[in-house]
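Position one of the sequence shown corresponds to residue 1356 (the numbering used here), numbered consecutively onward.
Even for Gly, the Cβ is constructed at its ideal location relative to N, Cα and C.
Structure first, then comments.
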Amino acid sequence: MLDINLPLLLITLVVFISLIVYLEGKLYNPLLKYIDDRDSMLRNDRDSVNQNLSDIASLKHEAETILANARKEASLLKDAIINEAKDSIAKRLEEKRQKLAESYKEFERRLATKRVSLKNNLLADSQSFETALRERFSSI
């Protein structure tokens, strides 16, 4: 038959309860605290990552806005410089045209003066030409 030894049962029960109390204080509570701390740390890290992602998105949007404004400003500046260069070139071209027109007028004036001078010289020498021509025709 099965014989139950009461003192041995009580000792086993006391050892078991004392072991549970000892392990709860030395193993289970620190292990549960570590798990809770780890969960808290993971939650904090996840929140931090989400915050960083939202910060990155806002900074990216801000950078895109700055780049768009810079492109607009560069385009306006480029257009202004091109227009200024066109105006400058048009002004220089007009000045050059005026100089050429003045130079051409001066050339025409000198040409007219030379024409008059040449005509006067020819008229002055017309008597000698006439005489030379008559001598030639008479020899023919």
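Three-way DSSP call (helix, strand, coil) for residue i in this model
| i | result |
| --- | --- |
| I1495 | coil |
| L1414 | helix |
| D1400 | helix |
| L1357 | coil |
| D1392 | helix |
| D1434 | helix |
| D1480 | coil |
Start-to-end residues for the alpha helix (DSSP H) that takes in residue i
| i | result |
| --- | --- |
| Y1377 | 1361-1378 |
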